[in-house]
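Undergrad: Please read through the structure below; I'll follow up with questions.
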Amino acid sequence: PLELRSPAPVAVARAVISTALSWGRTSFALGVWLGFVCLLRPGEICLLKKEDVRLVTSQFRPREFRRLGVLILQKPKTGKVGAWKQHVLIEEAPLLTVLALFLSLLEAGEALWPFTQATFANRVAAVLDFLGCPNLFPPAGLRAGGATHIWQVLRNFGLLRLKGRLLNVRSL
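Quick note on numbering: the sequence shown equals residues 806 to 977 in this note's numbering.
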């Protein structure tokens, strides 16, 4: 039977990110943040490397334009039926600021999340336990929660489909 993933509520996702940052777990916090905002699958979060994040620097951006970044997904889950490489726009200014600082500490080729997908899931579970809401959502719930949040705020189906890289409308 089909089992739906519980979406991460935006308040709890923010609490997980804040807790991780306060514990000094920047890599984990960025994984959760990117997963929620960019609608990433857990496997896509764990495969991100420094070179997969492109930030628009101020020398190429006129002052009146907002700050932007792009994630390049080298091995997306839908790569066999969709594009081999996929791109996701990052528009959230606080995320871009933290991401730029974190990327400056990484060596070329280094992973944003240097551990396994199972370790990422265990960290999500540990932080949720600490926050008093154990098993509220799995790591895949970040994508579902981000999509739910985008829909509730913007009510823009086209943007949601583009941001989530959805090939089939029925996957919503």
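The C-beta atom is built at its ideal place from N, Cα and C for all residues, glycine as well.
A quick note: this is a predicted structure, and the numbers were derived from the prediction, not measured.
#1: Could you give the first and the last residue of the continuous beta strand (DSSP E) run that contains residue 948?
#2: In whole angstroms, what separates the C-alpha of residue 850 from that of residue 960?
#3: What distance in whole Å lies between the Cβ atoms of residue 944 and residue 932, which are believed to be in contact at a cut-off of 8 Å?
#4: Assuming contact is defined by CB atoms lying nearer than 7 Å, are residue 948 and residue 859 in contact in what I supplied?
#5: Do the region 918–925 and the region 826–843 make contact, defined as three or more Cβ pairs closer than 8 Å?
#6: Bridge partners of residue 763, per DSSP?
#7: Out of 911, 828, 823 and 839, which has the shortest C-alpha to C-alpha gap to residue 893?
#8: Since residue 839 is in the alpha helix (DSSP H), which residue starts that stretch and which ends it?
#9: Can you look up residue 854 in the DSSP assignment and give me helix, strand or coil?
#10: Nearest-angstrom Cα distance between residue 895 and residue 841?
#11: On the DSSP letters alone, give me the boundaries of the alpha helix (DSSP H) that residue 927 sits inside.
#12: Taking the beta carbon of residue 898 as the centre, do at least 16 other beta carbons fall within 10 Å, making it buried, or is it exposed?
#13: Hey, how far is the Cα of residue 810 from the Cα of residue 952?
#14: What's the C-alpha gap between residue 861 and residue 940?
#15: Please classify residue 874 as buried or exposed, where buried requires at least 16 neighbouring CB atoms within 10 angstroms.
TA: Working from what's here:
#1: Taking the sequence shown and counting its residues from 1, the one referred to as residue 948 is at position 143. Not the beta strand (DSSP E): residue 948 falls in the alpha helix (DSSP H), residues 946–959.
#2: Here residue 850 is taken as the residue at index 45 of the sequence shown, counted from 1. Here residue 960 is taken as the residue at index 155 of the sequence shown, counted from 1. Straight-line spacing of the CA atoms in residue 850 and residue 960 works out to 26 Å.
#3: As a working note, residue 932 is residue 127 in the sequence shown. As a working note, residue 944 is residue 139 in the sequence shown. With a Cβ gap of about 11 Å, residue 932 and residue 944 do not count as contacting.
#4: Residue mapping note: residue 948 aligns to position 143 of the sequence shown, counting from 1. Residue mapping note: residue 859 aligns to position 54 of the sequence shown, counting from 1. No, the pair does not count as a contact, with Cβ atoms beyond the cut-off.
#5: Cβ pair count under 8 Å is three or more, so yes.
#6: Limits of the chain in this structure are 806 at one end and 977 at the other, which puts residue 763 out of reach.
#7: To locate residue 893, count along the sequence shown from 1; it is residue 88. Out of 911, 828, 823 and 839, 839 has the C-alpha closest to the C-alpha of residue 893.
#8: The residue labelled residue 839 in the question sits at position 34 within the sequence shown. Bounds of the alpha helix (DSSP H) holding residue 839 are 831–842.
#9: Working through the sequence shown from its first residue, we reach residue 854 at position 49. DSSP places residue 854 in the strand class (E or B) of the three-state scheme.
#10: Taking the first residue of the sequence shown as 1, we reach residue 895 at position 90. Taking the first residue of the sequence shown as 1, we reach residue 841 at position 36. If you take the alpha carbons of residue 895 and residue 841, they lie about 11 Å apart.
#11: Indexing the sequence shown from 1 puts residue 927 at position 122. From DSSP, the alpha helix (DSSP H) with residue 927 extends over 922–935.
#12: As a first step, residue 898 must be located in the sequence shown, where it is residue number 93. It is exposed - the Cβ of residue 898 has fewer than 16 other Cβ atoms within 10 Å.
#13: As a position in the sequence shown, residue 810 is number 5, starting the count at 1. As a position in the sequence shown, residue 952 is number 147, starting the count at 1. Linking residue 810 to residue 952 through their CA atoms gives a straight-line distance of about 12 Å.
#14: Within the sequence shown, the letter at position 56 stands for residue 861. Within the sequence shown, the letter at position 135 stands for residue 940. For residue 861 and residue 940, the distance between alpha carbons rounds to 37 Å.
#15: Indexing the sequence shown from 1 puts residue 874 at position 69. Answer is buried; the Cβ neighbour count reaches 16.
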